[in-house]
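Numbered by my numbering, the letters in the sequence shown go through residues 10 to 509 in order.
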Amino acid sequence: MSVETSASSGDEASPACRTLVIFGASGDLTRRKLIPALYSLDRDGLLPPELRIVGFSRTAPGNDDFRRGMREAVREFSRRPPTEADWPRFALRLHSLAGDYARDADYAALQRFADGLCPRGGSGSCLYYLALPPAAAETVLGQLARLRRERPGPGDRVLIEKPFGSDLEGARRLNRLCAAGFGESEIGRIDHYLAKDTVRNLLVLRFGNAVFEELWNRRHIDNIQITAAETLGVGSRAGYYEAAGVVRDMIQNHLLQIMALVAMEPPLPGDLDSVRTHRLEVFKSILPVGPEDFAFGQYRGYRAEPGVAPGSRTPTFAALRLEVANWRWQGVPFYLRSGKALGRRLSEVVIRFKSVPLCLLESEQACQTARPNTLGIRLHPDEGLRLAFNVRLPGCEQRLEQTELDFRYSQLGVELPEAYERVLLDALRGAPLVFPRADEVEAAWQVVMPLVEAGARPGTPELPVYEPGSWGPAEAAALPARDGRAWINPPDGPPKPGAA
Ligand code: BG6
């Protein structure tokens with residue numbers, strides 16, 4: 010559909026040379042996601058041949074060590090392992106540079122360094138990737154805005170990792186700094202979920218098919234559930250996660266963006282910006298969240314993880330009940346939940362339809378076994394769609410069973426690329442970026458500020474503890490239970506004992 014195709018057609022005119030500068034190159038994201046994604050793109054012949062990649066960090070290793078470390082990272086995390094044939098070519102693109110994020114002189118040195126990498130001399134364009142926590146991102150954005158005012162380069166872009174700010178005020182500050190140096194079309198506020206094929210498919214599912222959209226409203230839908238569950242704990246990321254917690258890490262961005270795609274009005278054909286406008290309208294229509302609308306939890310053992318404070322109050326799980334006060338969704342609750350160390354690794358949207366208005370089946374028993382239809386949109390893993398519906402079991406007695414129409418992407422025989430491959434490719438090609446606009450990010454912060462403030466208040470009670478391997482604390486079950494509903498957990502593989 011047009012909103013999709015327009016996102017992939019970029020201005021591919023090749024400037025004299027291009028440099029991708031990664032700020033925070035010594036961090037986890039660079040190792041786990043960015044360099045593995047760049048290597049996959051290179052293997053597929055999708056990286057511009059002249060592209061150089063500069064890892065800029067306070068404690069930069071020499072080039073040889075940087076390349077060795079990145080080869081190890083690619084071996085561990087890329088969907089394509091490094092080969093003797095391809096790695097040496099890719100490694101030559103990689104450079105390492107030490108610098109202080111706050112020092113003007115180090116940015117002048119960075120520019121000279123980047124210019125020096127241009128094969129024919131002169132200066133090219135830079136894609137700045139800020140893989141940094143919000144406070145450091147503010148410092149770097151301030152410097153980049155100054156640089157761009159001094160030397161405005163066509164084709165320069167900036168990508169900023171989430172969380173975009175630590176709260177609404179922080180997001181506003183970052184937006185002002187972005188606007189001081191870059192036009193809105195040159196700014197990518199990264200939410201890698203928006204680059205996932207399965208998430209991008211949400212609009213195709215809704216607006217590229219005649220069967221769903223007519224039913225996509227309060228008259229036919231009972232409730233909508235969005236889950237992003239992970240089995241792993243915080244691992245080696247406590248330094249980041251202790252300050253972020255699940256609300257800044259997953260809810261403010263990934264889950265709310267998915268919700269917006271599910272709930273938004275149809276975009277204008279071919280107009281990517283109208284997608285953003287309609288997502289913004291969803292955020293603005295969400296009723297203010299009260300303390301009774303959310304529940305937190307922390308997995309047992311979190312406080313003993315390396316780098317976690319012994320008395321940490323950082324939530325590793327949150328569940329949230331939202332209402333969208335507009336014509337389409339009035340009265341339909343949206344339940345969102347995300348957590349670490351849960352029973353299944355799973356990201357999905359579940360649409361639970363209303364029951365039929367009147368049971369016309371032969372027996373009371375048949376009426377009781379008829380269950381409402383459910384559309385499950387599995388974003389990860391086993392990506393696909395499942396539509397559950399009732400069928401009559403063959404035989405003399407009328408007996409019903411719920412069965413599924415089940416589509417898996419794996420049936421298509423294509424490998425789904427990593428979301429970060431799409432993020433980097435679009436940014437390098439100058440394609441319109443699929444990421445949230447300034448006003449959207451601020452509106453999403455507005456939605457979760459009651460959760461952020463609840464965590465920050467002095468004297469906050471201890472968080473409920475949940476067992477690793479469960480579906481979170483019992484308090485989460487209370488949110489849908491209040492409405493006479495329940496979380497819909499996947500049928501395959503029950504959670505371990507202790508589950509909510
Ligand atoms: C990141 C979060 O944005 O998303 C991580 O910082 C989380 O904590 C990750 O593990 C999940 O992404 P995915 O693509 O593996 O579902």
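Even glycine gets a Cβ: it sits at the ideal position worked out from N, Cα and C.
None of the values given here were measured: they were computed from a predicted structure.
Would you kindly work out how many angstroms separate the C-alpha atoms of residue i and residue j, rounded to a whole number?
| i | j | result |
| --- | --- | --- |
| G279 | I295 | 27 Å |
| L402 | L409 | 6 Å |
| L329 | P489 | 9 Å |
| A100 | P319 | 41 Å |
| E373 | Q411 | 17 Å |
| N498 | A486 | 11 Å |
| V213 | S175 | 32 Å |
| E193 | Y116 | 23 Å |
| R288 | F303 | 22 Å |
| E484 | V291 | 27 Å |
| P297 | L29 | 40 Å |
| R27 | E170 | 20 Å |
| Y249 | P142 | 7 Å |
| F362 | I230 | 4 Å |
| L136 | D165 | 6 Å |
| T92 | R40 | 18 Å |
| W454 | P97 | 43 Å |
| G310 | F122 | 46 Å |
| G352 | A327 | 15 Å |
Using three-state DSSP, classify residue i as helix, strand or coil.
| i | result |
| --- | --- |
| Q407 | coil |
| E357 | strand |
| V510 | Examination of residue 510 is not possible in this model, given that the chain is present from 10 through 509 alone. |
| C135 | strand |
| V167 | strand |
| A237 | strand |
| D231 | strand |
| N262 | helix |
| V423 | coil |
| I497 | coil |
| V213 | helix |
| S87 | coil |
| V474 | strand |
| G481 | coil |
| T68 | coil |
Kindly examine the ligand BG6 and report whether one of its heavy atoms sits closer than 7 Å to the Cβ of residue i.
| i | result |
| --- | --- |
| D258 | yes |
| E430 | no |
| E239 | yes |
| S356 | yes |
| H229 | no |
| H287 | no |
| K293 | no |
| H104 | no |
| K363 | no |
Original post:
With a cut-off of 8 Å, do at least 3 Cβ pairs link the stretch 153-164 to the stretch 36-50?
Top reply: no
Subject >> contact_flag[the stretch 62-71, the stretch 97-112] where n(CB pairs < 8 Å) is 3 or more >> reply: yes
Original post:
Are three or more beta carbon pairs between the stretch 231-242 and the stretch 351-360 nearer than 8 Å?
Top reply: yes
Original post:
Where in the stretch 291-357 do unbroken runs of the beta strand (DSSP E), each at least 3 residues long, occur, reported from the N-terminal end onward?
Top reply: 303-308, 326-332, 342-348
**OP:** Give, in chain order, every unbroken run of the alpha helix (DSSP H) that is at least 4 residues long and sits entirely within the stretch 367-408.
**Re:** 373-378
Subject >> Contact the stretch 445-452 vs the stretch 422-429: 3+ CB pairs below 8 Å >> reply: no
Original post:
Touching or not, the stretch 389-406 and the stretch 137-155, by the rule of three or more beta carbon pairs under 8 Å?
Top reply: no
Original post:
So does the stretch 173-187 actually touch the stretch 202-221, counting three or more Cβ pairs closer than 8 Å?
Top reply: no
Subject >> At least 3 beta-carbon pairs within less than 8 Å: the stretch 457-476 vs the stretch 258-267 >> reply: yes
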